[in-house]
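Chemist: Sending over a structure as structure tokens; questions will come in a sec.
In the numbering used here, the protein residues as written are 486 to 838.
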């Protein structure tokens, strides 16, 4: 195992984990990179982004037997209803391929839940794609929408996958900063990010890593700009049930006519404490859903069939489950924020995620 060089910096000890390779010339397309391994056999696109920071931090935490706060996985098991449903599905013979874009039972359950909780109307036969987690759903969406040279508007700070998603699909990221301490978005900065090359906007709400929950006024501004520039919004709403202090999650697809230009992505991982199951989905207009189905088919073929069947049980849990989940996470948030403030950090309680 390589030796770690640790340098003190304020309250933190920041490990410097050695990585082979050298810094490469900054790409002219504006994409970001940290440190990449330069090898003539590799594609240009893969050298524009480094190894996942989350994976690196996880590895360093393991070296030091440290508490790993870098990765968003719960410290408790899925609800019993979910694990029991998975066992039944295995015993019932759901062990071969499902329909590529999702088991019919699951697509119907997703459509019911989207209508009752989000207010989104989705036809299970034409508007839904089941994927191997939300990560694949985002990649399938970008590959289905973007041509090389198109631009993607991304709010910053952002979940680390969005930049590479844009780069792999051939898009040029255009970043819009959210400003501390309330992570507000400057309206003029957002307007300036849209050009005649803008093809897609990526929105994550509740937001990882800031905890911001976009309100209706902010969503209306985004909706207006998407309509004015004929842009498709791809929304990652995986944290929709983890909101605090009475806040409410609002899906962009319910604002104005955005249902016709929004791909709403969600999944099992965070709400149901099943990050390792890799079951996600996307709700999209028919033409976009059809394109995503084709892309998804050639990326992964399909999500695990027995786990798709088990996910139906998760989506049928009572509303009390979601209230208790948010309450539990709010207590964890309060405990952690209080501890940080007591040792001198200037931090604000996140509103969600």
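For each residue, glycine too, the CB sits at the ideal point set by N, CA and C.
Please state the DSSP three-state secondary structure of residue 569.
Modeler: Helix.
Chemist: For the beta strand (DSSP E) holding residue 688, just list the boundary residues, first then last.
Modeler: It spans 683-689 - the beta strand (DSSP E) in which residue 688 sits, taken as one unbroken run.
Chemist: Can you pull the DSSP bridge partners for residue 639?
Modeler: Residue 639 is bridged to 660 and 687.
Chemist: What is the residue span of the alpha helix (DSSP H) that residue 809 lies within?
Modeler: Residues 804-827.
Chemist: Extract the residue ranges of the beta strand (DSSP E) inside the segment 664-750, only unbroken runs of 3 or more that lie entirely within it.
Modeler: Entirely contained in the segment 664-750, the beta strand (DSSP E) runs reaching 3 residues are, in chain order, 683-689 and 717-721.
Chemist: Hey, would you say residue 766 sits closer than 9 angstroms to residue 615, going by beta carbons?
Modeler: Cβ distance < 9 angstroms, so residue 766 and residue 615 count as in contact.
Chemist: Does the beta-carbon distance from residue 722 to residue 695 come in below 9 angstroms?
Modeler: Cβ distance not < 9 angstroms, so residue 722 and residue 695 don't count as in contact.
Chemist: If you draw a straight line from the C-alpha of residue 831 to the C-alpha of residue 632, how long is it?
Modeler: Roughly 42 angstroms between the two C-alpha positions.
Chemist: Can you tell me which of 742, 586, 678 and 741 puts its alpha carbon nearest to the alpha carbon of residue 662?
Modeler: Residue 678 is the option with its Cα nearest to residue 662.
Chemist: Suppose the cutoff is 6 angstroms on Cβ atoms and the five residues either side in sequence are ignored; what does the same chain contact list for residue 617 look like?
Modeler: Once the five neighbours on either side are set aside, the close Cβ partners of residue 617 are 763, 785 and 788.
Chemist: Assign residue 503 to buried or exposed, taking buried as 16 or more other Cβ atoms, counted over all protein chains shown, within 10 Å of its Cβ.
Modeler: Below a pLDDT of 50, predicted positions are generally treated as unreliable, and residue 503, at 37, falls in that range; the measurement from the model is reported next regardless. Residue 503 is exposed by the Cβ-count criterion.
Chemist: Taking the C-alpha atoms as reference points, what is the distance between residue 747 and residue 833?
Modeler: Each residue's Cα considered, the two are about 31 angstroms apart.
Chemist: Distance, Cα to Cα, residue 777 vs residue 703?
Modeler: Near 27 angstroms, if we compare the C-alpha coordinates of residue 703 and residue 777.
Chemist: As a quick exercise: from 760, 527, 729 and 804, pick the residue whose alpha carbon is nearest that of residue 690.
Modeler: When each option's Cα is compared against that of residue 690, the closest is 729.
Chemist: Under a three-way DSSP split, which group does residue 776 fall into?
Modeler: Helix, per DSSP.
Chemist: Can you tell me which of 644, 532, 680 and 587 puts its alpha carbon nearest to the alpha carbon of residue 715?
Modeler: Closest by alpha carbon: 680.
Chemist: Roughly how many angstroms separate the alpha carbons of residue 624 and residue 533, rounded to a whole number?
Modeler: Rounded to the nearest angstrom, the two C-alpha atoms are 16 angstroms apart.
Chemist: With respect to the alpha helix (DSSP H) encompassing residue 631, which residues constitute its N-terminal and C-terminal limits?
Modeler: Segment: none, residue 631 is in no alpha helix (DSSP H) and carries neither H nor E.
Chemist: Take residue 745 as the anchor and find which of 770, 774, 559 and 736 has the nearest alpha-carbon.
Modeler: When each option's Cα is compared against that of residue 745, the closest is 770.
Chemist: Could you tell me whether the segment 632-641 touches the segment 604-613, using the rule of 3 or more Cβ pairs below 8 angstroms?
Modeler: Touching, no, given that fewer than three Cβ pairs across the two stretches are closer than 8 angstroms.
Chemist: Looking at the unbroken alpha helix (DSSP H) that takes in residue 765, where does it start and where does it end?
Modeler: Taken as a continuous stretch (DSSP letters only), residue 765 belongs to no alpha helix (DSSP H), being part of the beta strand (DSSP E) at 765-768.
Chemist: Quick one, which of 621, 595 and 554 has its alpha-carbon nearest residue 817's?
Modeler: Answer by Cα proximity: 554.
Chemist: Kindly identify the DSSP beta-bridge partner or partners of residue 615.
Modeler: 766, per the DSSP bridge assignment.
Chemist: How long is the line joining the alpha carbons of residue 499 and residue 641, rounded to whole angstroms?
Modeler: Confidence at residue 499 is low in this model, with a pLDDT of 35, below 50, so the placement of that residue is unreliable and no value is reported for it.
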